[in-house]
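**Student:** So that we are looking at the same thing, I have put the structure below in structure tokens.
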Amino acid sequence: MTLKQSDPEIYDLIQLEKKRQADVLELIPSENYVSDDVLKAIGTPLINKYSEGYPGKRYYGGNQVIDEIENLAISRVREVFDLPLDWHVNVQPYSGSPANIEVYMGLLEPGNTVMAMDLSHGGHLTHGSKVNATGKTYNFVHYGVSPKTEKLDYTEILKIADRIKPKLIVSGFTAYPREIDFKKFKEIADKVGAISMADISHIAGLIAGGVHPSPIPFFDVVTTTAHKTLRGPRGGAIIMCKDKYSTAIDKAVFPGMQGGPHENVIAALAVSLKEAKSANFKKYAEQIVKNTKALATHLQDFGFRLISGGSDNHLILMDLTNKNISGKDAEKALENAGIVVNKNMIPFDKRSPFDPSGIRLGTPAITSRGMKEKEMGKIASWITAVITDVKVAPDVAEEIKRFTKNFPAPGL
Ligand code: DSN
Numbered sequence: 047m048t049l050k051q052s053d054p055e056i057y058d059l060i061q062l063e064k065k066r067q068a069d070v071l072e073l074i075p076s077e078n079y080v081s082d083d084v085l086k087a088i089g090t091p092l093i094n095k096y097s098e099g100y101p102g103k104r105y106y107g108g109n110q111v112i113d114e115i116e117n118l119a120i121s122r123v124r125e126v127f128d129l130p131l132d133w134h135v136n137v138q139p140y141s142g143s144p145a146n147i148e149v150y151m152g153l154l155e156p157g158n159t160v161m162a163m164d165l166s167h168g169g170h171l172t173h174g175s176k177v178n179a180t181g182k183t184y185n186f187v188h189y190g191v192s193p194k195t196e197k198l199d200y201t202e203i204l205k206i207a208d209r210i211k212p213k214l215i216v217s218g219f220t221a222y223p224r225e226i227d228f229k230k231f232k233e234i235a236d237k238v239g240a241i242s243m244a245d246i247s248h249i250a251g252l253i254a255g256g257v258h259p260s261p262i263p264f265f266d267v268v269t270t271t272a273h274k275t276l277r278g279p280r281g282g283a284i285i286m287c288k289d290k291y292s293t294a295i296d297k298a299v300f301p302g303m304q305g306g307p308h309e310n311v312i313a314a315l316a317v318s319l320k321e322a323k324s325a326n327f328k329k330y331a332e333q334i335v336k337n338t339k340a341l342a343t344h345l346q347d348f349g350f351r352l353i354s355g356g357s358d359n360h361l362i363l364m365d366l367t368n369k370n371i372s373g374k375d376a377e378k379a380l381e382n383a384g385i386v387v388n389k390n391m392i393p394f395d396k397r398s399p400f401d402p403s404g405i406r407l408g409t410p411a412i413t414s415r416g417m418k419e420k421e422m423g424k425i426a427s428w429i430t431a432v433i434t435d436v437k438v439a440p441d442v443a444e445e446i447k448r449f450t451k452n453f454p455a456p457g458l
């Protein structure tokens, strides 16, 4: 019996979501479309297996095949991120948030001082937000972007680090549209004797594709989710670290935070990492950056103010203050038009996180559909039309439905 026959309610909802994903312009910069092969690997009987422990040292029998899968995923991580021999890999974190928490658990004591980017300037909840376990457990001190340039000010970051002497400094962002100078971060960490940690979740695919500098090999620890630009499965993550941190971090992952790893996700991660080694993936990563730059230029030509004046990576952070619409209302209006973005705080925002001044948009998913610079002008003009007059949204949605048919999304 098929799922359609045995559980039509869930089957129909899945079809509806597939149709939604096919019909819209997906511009949330942390989302993407995985390949058919990644989907195939994740929906396998690997999900049935318990494999607490690590390859060769499991707490359950019957893990010979699972060990091979996990080891293959690890060796592919090593190739994709060009890891030196004295680096260690853990592919078991359930997602990006657990991965970050596990690094802190492994390397810090509660109450230790840690430095990271402020959430409202583009950090992440697990970079010590007050409402997150990380902010409640450790003494996070935040840096932000410069009020003048809206870019990272490394001199100011050094000043703060020198004053507070953190045990660990986190670099890596969820809403920062510029290239990160990991070398400068490492210099700062070295000057104050801090562990350097990069959360590359957003830009892992750009690093793998060679279009963003990597923090490897000179950083101490690097975490990343598997999805986003890397185009692997959600519900997976990777920790890479210098060997001297490996025992503490492995113990924090299991048994510290987690039980049995999700080996179906690890297999899907391995599949996506094989894809990430291909020449096509490099082209995709290059195209993401070209598309974002083109979209940014068109939006600026239409009078939108972009945080930091543009983008070097896969995302754009837009300040809507001069358009007299809030981030929340813009997100809704654009959604009605088939353009999916997310409302987002902008640096020094005077509004609240639930109804902030900005929206965040990016090009990974539409690049995976094969869209190029030519399409970015069209997309910018639709965004402009909807933000200028929200009433045009239903007409734009129809146009976009026709338009997206020319760009089949992988996996749907
Ligand atoms: N929530 C993710 C994002 O959208 O950027 C980060 O984990």
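In terms of the working numbering, the sequence shown is residues 47 to 458.
The C-beta atom is built at its ideal place from N, Cα and C for all residues, glycine as well.
Since the structure is predicted, the reported quantities are computational estimates derived from the model, not experimental observations.
#1: Mind checking whether the beta-carbon of G142 lies closer than 6 Å to any heavy atom of the ligand DSN?
#2: Any idea what DSSP makes of I353, helix, strand or coil?
#3: For K64 and D58, what's the separation of their Cα atoms in angstroms?
#4: Report yes if the C-beta of T474 is less than 6 Å from at least one heavy atom of the ligand DSN; otherwise report no.
#5: If you drop the 5 nearest sequence neighbours on each side, which residues of the same chain put their C-beta closer than 8 Å to that of K176?
#6: Assess contact between the region 140-159 and the region 95-114, defined as three or more Cβ pairs (one per stretch) separated by less than 8 Å. Is contact present?
#7: Let me know if Q61 comes out buried or exposed under the rule of 16 or more other beta-carbons within 10 Å of its beta-carbon.
#8: Less than 7 Å between the C-beta atoms of G218 and D245, yes or no?
#9: To the nearest angstrom, how far is it from the Cα of R124 to the Cα of L118?
#10: Measuring CA to CA, which of Y140, S247, I262 and R66 is closest to D128?
#11: Return the bridge partner residues of G99 from the DSSP annotation.
#12: Identify every run of the alpha helix (DSSP H) within the region 248-329, keeping only runs that are complete inside it and at least 4 residues long; order them along the chain.
#13: By alpha-carbon positions, which one of T90, I412 and V187 ends up nearest to Y330?
#14: When the Cβ atoms of the region 181-198 are set against those of the region 265-277, are three or more pairs found closer than 8 Å?
#15: Examine the ligand DSN and report whether any of its heavy atoms sits within less than 6 Å of the Cβ of S52.
#16: Within 8 Å, do at least three Cβ pairs link the region 306-319 to the region 77-94?
#17: In the DSSP assignment, the beta strand (DSSP E) including L92 goes from what residue to what residue?
#18: Of the choices F228, N185 and K328, whose alpha-carbon is the least far from that of G256?
#19: What does F394 pair with, by DSSP beta-bridge criteria?
#20: How big is the Cα-Cα spacing for V86 and S427?
#21: Can you tell me whether M417 is buried or exposed? The criterion is at least 16 other CB atoms within 10 Å of its CB, across all chains shown.
#22: Considering only the alpha carbon of each residue, which of G190, V238, D395 and R277 lies closest to K323?
#23: Have a look at I120 and E377 and give me their C-alpha separation to the nearest angstrom.
#24: Taking 6 Å as the line, does the beta carbon of S76 fall inside it for any heavy atom of the ligand DSN?
#25: Quick one: give me the first and last residue of the alpha helix (DSSP H) that V84 is part of.
#26: Beta carbon of I210, beta carbon of Y189: below 7 Å?
**Tutor:** To lay it out plainly:
#1: yes
#2: DSSP places I353 in helix when its eight states are reduced to three.
#3: 10 Å
#4: The requested residue 474 is not part of the displayed model; the chain covers only 47 to 458.
#5: K182
#6: no
#7: Exposed, since its Cβ has fewer than 16 Cβ neighbours within 10 Å.
#8: At the C-beta level, G218 and D245 come within 7 Å of one another.
#9: Taking the straight line joining both Cα atoms gives about 10 Å.
#10: I262
#11: R104
#12: 250-254, 292-297 and 309-322
#13: I412
#14: no
#15: Remark: the C-beta of S52 is outside contact range of the ligand DSN, defined as less than 6 Å to any heavy atom.
#16: yes
#17: Note, L92: premise wrong, no beta strand (DSSP E); not H, not E.
#18: K328
#19: Looking at the DSSP assignment, F394 forms no beta bridge with any residue, so it has no partner.
#20: Correcting the residue type first, residue 86 is Lys in the shown sequence and not Val. Approximately 37 Å, taken between the alpha carbons.
#21: buried
#22: R277
#23: 38 Å
#24: Correct: S76 has its Cβ closer than 6 Å to the ligand DSN.
#25: V84 -> alpha helix (DSSP H) spans D82 to I88.
#26: no
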